[in-house]
Amino acid sequence: MKTLFKNIKELIQVRDKHIDFIAGAEMKILPTIKDAFLVVKNGLISDYGKMDDCPNAEFDTIVDATGKMILPSWCDSHTHIVYAGNREGEFVDRINGLSYEDIANNGGGILNSAKKLQETSEDDLYNQSKTRLEEVIQLGTGAVEIKSGYGLTADAELKMLRVIKRLKENYPIEIKATFLGAHAVPSTFKNNKRGYLQMLINDVIPKIASENLAEYIDIFCEKGYFSVEDTELILEAGKKHGLIPKIHVNQFNAIGGVQAGVKHKALSVDHLEIMRDEDIEALKNTKTMPVALPSCSYFLSIPYTPARKMIDAGLPLALATDYNPGSTPSGNMNFVISTACIKMKMTPEEAINAATINGAYAMGLEKQVGSITKGKLANFILTKPINSYGFIPYSFGNHHIEKVYLKGLEID
Ligand code: NIG
Ligand code: FE
1 MKTLFKNIKE LIQVRDKHID FIAGAEMKIL PTIKDAFLVV KNGLISDYGK MDDCPNAEFD
61 TIVDATGKMI LPSWCDSHTH IVYAGNREGE FVDRINGLSY EDIANNGGGI LNSAKKLQET
121 SEDDLYNQSK TRLEEVIQLG TGAVEIKSGY GLTADAELKM LRVIKRLKEN YPIEIKATFL
181 GAHAVPSTFK NNKRGYLQML INDVIPKIAS ENLAEYIDIF CEKGYFSVED TELILEAGKK
241 HGLIPKIHVN QFNAIGGVQA GVKHKALSVD HLEIMRDEDI EALKNTKTMP VALPSCSYFL
301 SIPYTPARKM IDAGLPLALA TDYNPGSTPS GNMNFVISTA CIKMKMTPEE AINAATINGA
361 YAMGLEKQVG SITKGKLANF ILTKPINSYG FIPYSFGNHH IEKVYLKGLE ID
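Have a look at this one:
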């Protein structure tokens, strides 16, 4: 199966050579080819270049992309899209003056979602989650990480991970699974946080590893949730079973989670709304990707990750949605890049690099997706006719995608 895309106004994020991720001043550079062609063979990118060099061969399909652009699909490295019901009620409570913290302290928040999920059958959970997965695919996402963490019992956490596995089996999008059992202390272990962590370590993690249900291990390292000490404990236990750390840190308070992540060679440290100079220092010259979640800052009205300061200090940055029922009920990466430009002062080039190649790295998929590179999966977005790629973040909240392709196939 061979497809030619011809007369592409601009082919975006073209990387001839493999790179793991992009950092610092280089994030301002987004390589493109104007008036380009792209060839897809058996689901992979097999060739690209200037239209002047377009091959004169036989193709099964030819797509004329006159006036349109092609860019790699968004790589959303942090989501919680497997959940039950929603928390619209808490949204209204916040409008009426309660804080996210007040709601959590009253038994709402993560515990509210956990109760709903425990009462939801695996099939129902799968059906609710697949609707969201289909929605984000249409919004241009071509690789996604999905966390557990709304189960908070051994059974319910495993149920979530099995749902992720089913999604992986049934959809052409790349999916990575993360175990986030330590998302909150469930009411059954109130005043016995240690007991809960021990249960996760002794009963759940070995099962996950033996059934191959997750690649990554996560924890919510935050005041009122889990300490740095708890974080180290759970990361150690996960690592013993081959789970690589990717953690929630510095959302509301900086308590040393970034340093713990770096120490345990986390693939990514995510949220980072509150960053001290020492946290930025700790990330320098490491392989740990900082991940910002601007839709969460938008929805909760909390500070935005200080992207400018971090990139200017030479760090890389990835952007992700954090799609979840409590802090970010949106999986729209187009909105994420707009918000990163508007609120975090990232340039369109930086935002697109952060949402493609750096996002791919943050979920261990940098060899498969995130750039237009020969041999990578043909997961990309064909835009509507637009004048420049900067129009995508500029014209925020509007829909610029004409078609999405996964493994070279158009997704309806
Ligand atoms: O990434 N911060 C921790 N966890 C989620 C939200 C949890 C919730 O409110 O359901 C997040 O924002
Ligand atoms: Fe999250």
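Numbering (full-length UniProt numbering), first residue to last: 1 to 412.
Using N, Cα and C, we set each Cβ at its ideal position, and we do this for glycine too.
So, at 8 Å on beta carbons, what are the nonlocal neighbours of residue i in its own chain, with the 5 sequence-adjacent residues on each side left out?
i           : result
Leu243      : Phe179, Ile205, Ile208, Ala209, Ala214, Glu215, Tyr216 and Ile217
Asn86       : Pro325 and Pro329
Lys28       : Thr347, Glu349 and Glu350
residue 423 : The question about residue 423 has no answer, for the chain in this structure spans 1 to 412.
Ala84       : Ser113, Lys116, Leu117, Glu119, Thr120, Asp124, Leu125, Gln128 and Tyr150
Met199      : Ala154 and Phe189
Answer with buried or exposed for residue i, where buried requires no fewer than 16 other C-beta atoms within 10 angstroms of its C-beta.
i           : result
His248      : buried
Ala65       : buried
Ala57       : exposed
His400      : buried
Glu169      : exposed
Asp60       : exposed
Gly375      : exposed
Phe299      : buried
residue 414 : As displayed, the chain neither begins before 1 nor continues past 412, which places residue 414 out of reach and without an answer.
State the Cα-Cα distance for the pair residue i and residue j, rounded to the nearest angstrom.
i           : j      : result
Ile62       : Leu4   : 5 Å
Pro329      : Gly364 : 25 Å
Gly314      : Lys115 : 43 Å
residue 475 : Asn7   : For the chain, the structure presents residues 1 to 412; residue 475 sits outside this window and is missing.
Ser12       : Thr188 : Looking at the sequence itself, residue 12 is Ile, so the reference to Ser does not match. Ile12 and Thr188: Cα-Cα distance of roughly 51 Å.
Ile81       : Asn324 : 6 Å
Glu88       : Val291 : 26 Å
Val369      : Glu145 : 13 Å
Ser121      : Thr153 : 14 Å
Thr383      : Cys341 : 19 Å
Leu409      : Thr131 : 20 Å
Asp312      : Asp124 : 46 Å
Tyr150      : Ile110 : 7 Å
Phe91       : Ala36  : 46 Å
Gly195      : Leu406 : 43 Å
Met160      : Asn387 : 42 Å
Rounded to whole angstroms, how far is the Cβ of residue i from the Cβ of residue j, which I believe are closer than 8 Å?
i      : j      : result
Asn379 : Pro55  : Wrong, their Cβ atoms sit about 22 Å apart, outside the cutoff.
Thr356 : Trp74  : 7 Å
Ser77  : Ser268 : 7 Å
Ile352 : Lys309 : So it is not a contact: roughly 20 Å between Cβ atoms.
Thr79  : Thr321 : 6 Å
Considering only residues of the same chain and omitting the five flanking positions on each side of residue i, which have a CB-CB separation below 7 Å?
i      : result
Gln251 : Glu222, His271 and Glu273
Asn42  : Met1
Asn358 : Phe21, Ile22, Met289, Pro316, Leu317 and Ala318
Phe226 : Ala182, Ile219 and Phe220
Thr231 : Ile219, Cys221, Ile247, Gly257 and Ala260
If I measure Cβ to Cβ from residue i and keep anything under 6 Å in the same chain, skipping five residues before and after, which residues do I get?
i      : result
Val404 : Gly140, Ile381 and Ile411
Glu10  : Thr32, Lys34 and Met69
Ala237 : Ile201 and Ile205
Gln118 : Ala156
Val39  : Leu4, Ser46 and Asp47
His264 : Leu235 and Pro245
Ile392 : His400
What do you reckon, is the C-beta of residue i under 7 Å from a heavy atom of the ligand MG?
i      : result
Gln251 : The ligand MG is not part of the structure shown, which contains the ligand NIG and the ligand FE as its ligands.
Check: Taking one C-beta from the segment 333-349 and one from the segment 43-50 each time, how about it: are there three or more such pairs within less than 8 Å?
Finding: Cβ pair count under 8 Å is below three, so no.
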